[in-house]
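The C-terminal position of the sequence shown is numbered 1060 in this note's numbering, with every residue numbered one higher than the one before it.
By construction, the Cβ of each residue, glycine as well, lies at the ideal position given by its N, Cα and C atoms.
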Amino acid sequence: SNVADLARDFLRDPVRVEIGVVGSTADTVEQELVVINTDDRGEMLRAVLADAGGSALVFVRTRHGARKIARAVSNMGHAAAELHSDRTLPQRRAAMAAFKSGEATVLVATDIAARGIDVQGVALVVNYDLPDAPEDYVHRIGRTGRAGLSGKSITFASPEQAKDVAALEKTIGKPIPRSARSRAELPAWPPRRQPHQGGGGPGSTAQRRRRR
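Set out below in structure tokens:
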């Protein structure tokens, strides 16, 4: 991580203290992977937020995406706040205060802006976009299921992101259960090699040998 790199550059023999296992996820978080085409995510977000049963934290990759999704969530009838680098410090504080108080039931955030978020009772984390780094998945879903409370995380992934999903699962050390909501299939990764087709076709080695 960037913090670890800085520590190595500027500190002599830094000591790293870890709480829990790096890459581990809390047992109190129910994880779910929705395999879906990219263009269908908005409709799926509407469905999962309707079933959230409490406050929800929606993660996106970019500040533009955060603005766009926050507007969409508001149009769905939810009280939404947004947290990203284009927001001023007072705006960020206001968004966090609204989310903590329950005035805003959905917070749409980027990874960088969401660092250090500590809100009790978040019922659902939605990974609208997959994180850039697999380790960020652990940080994201760790925002729910705190203090012994149960929580849920729902991650959207397209069939083209099979490699990225495999990296997430390698990081957490277990597969993410596929959701019954899925509308597409996630290919195996790495791709299964096709069995070698032998025989004596026109271009086969056997045919070439017989022509000599």
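Within 8 Å, strictly: CB atoms of residue i and residue j
| i | j | result |
| --- | --- | --- |
| Tyr-976 | Ile-917 | yes |
| Leu-905 | Ala-957 | yes |
| Ile-989 | Gln-879 | yes |
| Phe-1004 | Met-892 | yes |
| Val-974 | Ile-1002 | yes |
| Arg-1026 | Leu-881 | yes |
Those residues which DSSP pairs with residue i across a bridge
| i | result |
| --- | --- |
| Lys-916 | BP columns for Lys-916 are empty, so no partner. |
| Phe-1004 | Val-882 |
| Leu-905 | Leu-955 and Val-973 |
| Ala-930 | Checking the displayed sequence, the identity of residue 930 turns out to be Glu instead of Ala. Looking at the DSSP assignment, Glu-930 forms a beta bridge with Val-956. |
| Val-921 | According to DSSP, Val-921 bridges with nothing at all. |
| Val-877 | Gly-999 |
| Arg-1026 | Leu-881 |
Chain-order list of residues whose beta-carbon lies under 7 Å from that of residue i (same chain, five-residue window excluded)
| i | result |
| --- | --- |
| Glu-866 | Low per-residue confidence applies at Glu-866: pLDDT is 40, beneath 50, and the placement is therefore not dependable, though the value from the model is reported in the following sentence. Excluding sequence neighbours, Glu-866 sits near nothing in its chain. |
| Pro-1007 | Val-883, Ala-1032, Glu-1033, Leu-1034 and Pro-1035 |
| Arg-911 | His-932, Ser-933, Asp-934 and Thr-958 |
| Gly-890 | Ala-920 |
| Ala-995 | Gln-968 |
8 Å CB neighbourhood of residue i in its chain, flanking five on each side removed
| i | result |
| --- | --- |
| Lys-1018 | Pro-982 |
| Ala-927 | Ala-946, Glu-951, Ala-952, Thr-953 and Val-954 |
| Ala-943 | Ala-929, Glu-930, Leu-931, Arg-935, Ala-952 and Leu-955 |
| Ala-1010 | Leu-1034, Pro-1035, Ala-1036 and Trp-1037 |
| Lys-948 | Val-967 |
| Ser-922 | Ala-928 |
| Ser-1030 | Leu-881, Val-882, Val-883 and Ile-884 |
| Ile-1024 | Gln-879, Glu-880, Leu-881, Thr-1003, Val-1013, Leu-1016 and Glu-1017 |
| Arg-888 | For the sequence presented, residue 888 should be read as Asp rather than Arg. Contacts found: Arg-1031. |
Nearest-angstrom beta carbon gap, residue j and residue i [assumed within contact, 8 Å]
| i | j | result |
| --- | --- | --- |
| Ser-998 | Thr-876 | 5 Å |
| His-932 | Ala-920 | That pair is no contact at about 15 Å. |
| Ala-900 | Leu-972 | 5 Å |
| Lys-909 | Asp-1012 | According to the sequence provided, residue 909 is Arg. The question's Lys does not apply to it. About 12 Å separates the two Cβ atoms, so there is no contact after all. |
Chain-order list of residues whose beta-carbon lies under 6 Å from that of residue i (same chain, five-residue window excluded)
| i | result |
| --- | --- |
| Ala-1014 | Trp-1037 |
| Gly-993 | Ala-874, Thr-876, Val-877 and Gly-999 |
| Gly-902 | Ala-971 |
| Arg-963 | none |
Query raised in the report: Between the stretch 932-939 and the stretch 1035-1042, do three or more beta carbon pairs fall short of 8 Å?
Result: In short, these stretches do not touch, since the Cβ pair count stays below three.
Exercise for review: Examine the Cβ distances between the stretch 895-909 and the stretch 1008-1024 and report whether three or more of them are shorter than 8 Å.
Suggested key: Contact between the stretch 895-909 and the stretch 1008-1024 is not established, with fewer than three Cβ pairs separated by less than 8 Å.
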